[in-house]
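*Asks:* Residue numbers (numbering that gives the first Met the number 0), protein chains in the order written: chain A, 0 to 486; chain B, 0 to 284. Note that beta-carbon positions come from the ideal geometry of N, C-alpha and C, so glycine has one too. Bear in mind the structure is a predicted one, so any value in this text is a computation, not a measurement.
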Amino acid sequence: MASQENTIFSSYQRDPSLFDELYDDKGEVKRIYKTLFNLYGAHSIEDYMRLNEKAKSSFFNQGITFQVYGDKDTQEKIFPFDLFPRIIDPEEWEVIEKGAIQRSRALNLFLWDIYHEKKILKQGIVPLELISSSENYLHQMMDVDPPGGIYNHISGTDIIKHKDGKYYVLEDNIRCPSGVSYVISNRTALKRALFGVFNHYEAHTVTNYAENLLDLLETVKPKGVDSPNTVVITPGMYNSAFYEHSYLAKTMGVELVEGRDLYVENDFVYMRTIKGPEKVDIIYRRIDDQFMDPLEFRADSALGVPGLFTAYKKGNVTLANAPGTGVADDKAVYTYMPEIIKYYLDETPILNNVHTYHCSRPEELAYVMDHIPELVVKPVDEAGGYGISIGNKLTKEEIETVKKQIKSNPRKYVAQPIMSLSVHPTYIDETNSFEQRHVDLRTFTILGKEREFVLKGGLTRVALRRGNLVVNSSQGGGSKDTWVLKQ
Amino acid sequence: MSLEYKITYHAENQYENPVKEARWQFLIIPHEEEGQKVTATHFENSLDFPYEESTNAYGFRTLRILAKSEFERIEFKASFTVLKTAVNPFDFDLPLDPPEDLKRYQTLDFKVEHEPFLRKTPLTTLLEEHAKFFEYRGDKTVFENLVDLNQWVYEKIFYTPGVTHVNTTLDEIVENRHGVCQDFAHLFAAVARQFGIPCRYVSGYLHQGNGYFGDSQMHAWTEAYLLDVGWVGFDPTNNILASENHIKVAHGKDYSDCAPLKGILYSRGGNTTSHSVQVLGQQQQ
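#1: Residues of the segment 325 to 337 of chain A in Cβ contact with chain B at a cutoff of 9 Å, in chain order, please.
#2: For Lys-36/B, write down the residues that DSSP places opposite it in a beta bridge.
#3: Short of 6 Å in beta carbon distance, which residues of its chain neighbour Gly-213/B, apart from the five on each side in sequence? Order them along the chain.
#4: Would you please verify whether the beta carbon of His-138/A is less than 9 Å from any beta carbon of chain B?
#5: Within 9 Å (strictly less), CB to CB, does Asn-55/B reach chain A?
#6: Counting pairs of Cβ atoms below 8 Å between the segment 120 to 133 of chain A and the segment 281 to 289 of chain A, do you hit three or more?
#7: Measuring alpha carbon to alpha carbon, tell me which of Val-125/A, Val-367/A, Leu-302/A ends up nearest Val-256/A.
#8: Are the Cβ atoms of Val-413/A and Tyr-342/A separated by less than 9 Å?
#9: Using a beta-carbon distance cut-off of less than 8 Å, what residues from the segment 38 to 55 of chain B approach chain A?
#10: Are the C-beta atoms of Thr-309/A and some chain B residue less than 9 Å apart?
#11: Closer than 7 Å by C-beta to Pro-98/B: which residues in its own chain qualify, once you throw out the five before and the five after it? Chain order, please.
#12: In whole angstroms, what is the alpha-carbon distance linking Ala-56/B and Lys-119/B?
#13: Is there at least one Cβ from chain A nearer than 9 Å to Glu-114/B's Cβ?
#14: In chain order, which alpha helix (DSSP H) runs of at least 4 residues are fully inside the segment 357 to 383 of chain A?
#15: If you draw a straight line from the alpha carbon of Leu-279/B to that of Val-141/B, how long is it in whole angstroms?
#16: Are any of the Cβ atoms in chain B nearer than 9 Å to that of Tyr-262/A?
#17: Check whether chain A comes within 9 Å of Tyr-158/B, counting only Cβ atoms and requiring the distance to be less than that.
#18: Leaving out five residues on either side along the sequence, give the residues of the same chain with a beta carbon under 6 Å from the beta carbon of Ile-487/A.
#19: Using a beta-carbon distance below 9 Å, is Ile-172/B in contact with chain A?
#20: Can you tell me whether Val-253/A is buried or exposed? The criterion is at least 16 other CB atoms within 10 Å of its CB, across all chains shown.
#21: Would a C-beta distance cut-off of 9 Å place Gly-323/A and Tyr-150/A closer than the cut-off?
#22: For a contact defined as C-beta to C-beta under 8 Å, what are the partners of Asn-265/A on chain B?
#23: With H, G and I counted as helix, E and B as strand and the rest as coil, what does DSSP make of Ser-242/B?
#24: Of all the residues that make up the segment 96 to 126 of chain B, which are near chain A by a beta-carbon distance shorter than 7 Å?
#25: When burial is assigned at 16 or more other CB atoms within 10 Å of the CB, is Arg-174/A buried or exposed?
#26: Could you check which residue in Gly-223/A, His-138/A, Ile-158/A, Asn-315/A has the C-alpha nearest to that of Gly-457/A?
#27: Spatial neighbours of Pro-293/A within its chain, please: C-beta separation below 6 Å, excluding the five flanking residues on both sides.
#28: Would Thr-430/A be called buried (16 or more neighbouring beta carbons within 10 Å of its own) or exposed?
#29: Compute the distance between the beta-carbons of Val-179/B and His-9/B, then report whether it is under 9 Å.
#30: On a CA-only basis, which of Gln-435/A, Val-268/A, Gly-476/A is nearest Pro-227/A? Give me that one, please.
#31: Classify Gln-24/B as helix, strand or coil using the three-state DSSP reduction.
#32: Using three-state DSSP, classify Pro-146/A as helix, strand or coil.
#33: Does any residue of chain C have a CB that is nearer than 9 Å to the CB of Ser-103/A?
#34: Looking at the secondary structure, which residues open and close the alpha helix (DSSP H) in which Thr-400/A lies?
#35: Against Pro-305/A, what residues of chain B qualify as contacts under a CB-to-CB distance less than 7 Å, listed in chain order?
#36: Could you give the residue range of the beta strand (DSSP E) that holds Arg-285/A?
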């Protein structure tokens, strides 16, 4: 079957200035995609429309939904799922995996240092001002030793492939990175819709995430505990990622709790159950630092557990991720990752960092002010794609507004060259055809005591609007099943 | 010479609607430190709820109560006996080289080490134009400047209870010139930190004179870090250095690290709270 006659992709238009994951420069389908391309080509577009509808309803029926904050329409949405999977070959994956582990390890050492000896700050390698001005740098965590020495148990590393064909890290998410449940439900949905394609490829499983999470969390149990009792704490069912919290609890076989289900007595944490109190040793927390314990942080928080922080500080409970981890999640800290990796591991970064301009530095600020149309401007402390301005999409007035915003608080902004995210053929409802759409990849790394795990797969997020570069689900993105092939 | 103090802390909370569940944390136990020893503590509440001892995030002793049955009114009473050694707060040598003095506070090592107490917190943020009202004199030592600052704050604010609340900004206080001891302490800390001198907020009790009766509140002052000396207490509300009359409970970056009472309630409607503190002193032989 000649690829050019393939019906389903015949209307696919390639923009040669973009890096296409399916086609090479010469317009040939890449080797690892060939079988898949032919298999999909055997279907008609009508088959596709039907399968697509089926996949959608499967997500609704499973209750895999999310909500967008600040949206007037409070209806739950499904995270659109695309039936054409992304394939990553073993060699490429090895680089990603090693790179993700390297970053997580380096960040963990960085966190230990800035909450203990603070050597990297005293030597001026990372500016003190950058850390001290961060709301997430918790004075409460000074000299606290987290169980097993781990701060960022779970990291979500956002990676893109640029038009040069190389992977770049855009962000290290180490507060409460979400999305892993979608990785698993995407795999399930694809298997339901197109089971046959899995006979032709040997992809690593992604359903082993929960068991590895539980295993690795147990390696950092509090001292003196034999068989730890683990729970997942959620802000509740109105949280945008509630499905994921319940999914993780269910698949780990542990309780899903809210703040009021727990209480602290004599600096130990207990869960109220119908059989009476049960001691809790490890908490996988999906509540932000400031809401965790109203006695130490925000007093108006009804989501947390009064006294939890002291229990943690005394080593009686493990919190994952550790409080205060968010300081290293700051986008301004990201820009020092090459230095951080070199300093703690004496290694060169395996994954590239995107060059970043700090608006806090006068000469870089001046450059940013003059080059807004070529840059992406980001607030350093927002997650979920909020507050991002993409220079070449802005009108003159919008550019002036962005400049004003930066000027009023330069420390709050960083700018990066506009990266060209690679594109992947994505089925588009409105045109009933495949079109190029930008994709990124969020990988999930778990750190335990002397052990780590990277989920072989990840969340490939798709910017569904044509030309859009922001892939976050809160900004109208979708996702794809992601296959990491075995050797 | 030592002094013995009997301190009584009293709080009364009245709730509009029945409270089903509550947890309180008190940060009111005098701190054990050099020259200050707690010889007796007693704690009770009108509903006989059990209490436990713990520490806050900074290691200061706390008392916690967990209420498990419904109530509308509760009274707490704590009493402490504290032994203090009389000290001369001026008992240290001043550096010989005043103009260079402040420079030693500007090394990166020093700034990193004392970062938490050099931070601008929401309660110690002051517009630069307001901080400039105090003139730092290069021909004086850091200590002498802090003594001047103590006086400047003392003269800047008129002690007036009931005008400010927890959310009043320091800039509003500087403009309106009325406040209570917390505000004096925050202003002192904000200005000292702007000059790069680490400063912490201190919460505690003040003995206002032998045989002094009548109700009072908890007191607040500051401690500034002096190289070669350590932490030295300044009480800008009274324009004095902290002495044996100051009985420290806790320190932190600002009031929010040191609130004497925090409560988490599961109830609706308002409540009224009243606190009182009594400090009785007696000279010991």
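*Replies:* With the structure as the only source:
#1: none
#2: Here residue 36/B corresponds to residue number 37 of the second sequence, with the count starting at 1. In DSSP, Lys-36/B forms a bridge with Leu-82/B.
#3: By 1-based counting over the second sequence, the position of residue 213/B is 214. With a pLDDT of 43 at Gly-213/B, under the threshold of 50, the predicted position of this residue should be treated as unreliable, though the coordinate-derived value follows. Cβ within range, chain order: n/a, list empty.
#4: Translated into positions along the first sequence, residue 138/A becomes position 139. Chain B contact via Cβ: present.
#5: Here residue 55/B corresponds to residue number 56 of the second sequence, with the count starting at 1. Yes, Asn-55/B lies at the interface with chain A (some Cβ there is under 9 Å from its Cβ).
#6: no
#7: In the first sequence, the residue the question calls residue 256/A occupies position 257. Nearest C-alpha to Val-256/A: Leu-302/A.
#8: As a first step, residue 413/A must be located in the first sequence, where it is residue number 414. As a first step, residue 342/A must be located in the first sequence, where it is residue number 343. Their beta carbons are not under 9 Å apart, which means Val-413/A does not touch Tyr-342/A by this criterion.
#9: Glu-51, Ser-53, Thr-54, Asn-55
#10: Counted from its first residue, the first sequence places residue 309/A at position 310. Yes, because at least one Cβ of chain B sits closer than 9 Å to the Cβ of Thr-309/A.
#11: Taking the first residue of the second sequence as position 1, residue 98/B is located at position 99. Cβ neighbours of Pro-98/B beyond the five flanking positions: Gly-137, Asp-138.
#12: Position 57 of the second sequence, counted from the start, is the residue given in the question as residue 56/B. Position 120 of the second sequence, counted from the start, is the residue given in the question as residue 119/B. Taking the straight line joining both Cα atoms gives about 19 Å.
#13: In the second sequence, the residue the question calls residue 114/B occupies position 115. Glu-114/B counts as touching chain A.
#14: 361 to 369
#15: Your numbering for residue 279/B matches position 280 in the second sequence. Your numbering for residue 141/B matches position 142 in the second sequence. If I take the Cα positions, the gap works out to 34 Å.
#16: Against the first sequence, residue 262/A aligns to sequence position 263. Yes, because at least one Cβ of chain B sits closer than 9 Å to the Cβ of Tyr-262/A.
#17: Stepping through the second sequence from its first residue, residue 158/B is reached at position 159. It does not: the Cβ of Tyr-158/B has no partner Cβ on chain A nearer than 9 Å.
#18: A question about residue 487/A goes unanswered here, because the residues of chain A that appear run from 0 up to 486.
#19: Counting from one through the second sequence, the residue named residue 172/B turns up at place 173. Chain A contact via Cβ: absent.
#20: Within the first sequence, the letter at position 254 stands for residue 253/A. Classification of Val-253/A: buried, given that the 10 Å Cβ count is 16 or more.
#21: Stepping through the first sequence from its first residue, residue 323/A is reached at position 324. Stepping through the first sequence from its first residue, residue 150/A is reached at position 151. Cβ atoms of Gly-323/A and Tyr-150/A: closer than 9 Å.
#22: The residue you call residue 265/A lines up with position 266 of the first sequence. Result: Glu-51, Ser-53.
#23: Here residue 242/B refers to the residue found at position 243 of the second sequence. It is coil, neither helix nor strand.
#24: Leu-107, Asp-108, Lys-110, Val-111, Glu-114, Pro-115, Arg-118
#25: As a position in the first sequence, residue 174/A is number 175, starting the count at 1. Label assigned to Arg-174/A: buried.
#26: Indexing the first sequence from 1 puts residue 457/A at position 458. Gly-457/A has its Cα closest to that of Ile-158/A, out of Gly-223/A, His-138/A, Ile-158/A, Asn-315/A.
#27: As a first step, residue 293/A is located in the first sequence; it is residue number 294 there, counting from the start. Cβ neighbours of Pro-293/A beyond the five flanking positions: Ser-300, Gly-303, Pro-305.
#28: Translated into the one-based positions of the first sequence, residue 430/A becomes position 431. When all chains shown are included, Thr-430/A counts as exposed.
#29: Counted from its first residue, the second sequence places residue 179/B at position 180. Counted from its first residue, the second sequence places residue 9/B at position 10. Not in contact: Val-179/B and His-9/B (Cβ atoms no closer than 9 Å).
#30: Here residue 227/A refers to the residue found at position 228 when the first sequence is read from its first residue. Pro-227/A has its Cα closest to that of Val-268/A, out of Gln-435/A, Val-268/A, Gly-476/A.
#31: Here residue 24/B corresponds to residue number 25 of the second sequence, with the count starting at 1. It is a strand residue.
#32: As a position in the first sequence, residue 146/A is number 147, starting the count at 1. Correct three-state label for Pro-146/A: helix.
#33: In the structure shown, chain C cannot be found, because the protein chains are A and B.
#34: Numbered from its first residue, the first sequence carries residue 400/A at position 401. 395 to 407 is the span of the alpha helix (DSSP H), which, as asked, contains Thr-400/A.
#35: Working through the first sequence from its first residue, we reach residue 305/A at position 306. Within chain B, the residues near Pro-305/A are Arg-22, Ile-263.
#36: One-based indexing of the first sequence puts residue 285/A at position 286. Element bounds for Arg-285/A: n/a, residue is neither H nor E.
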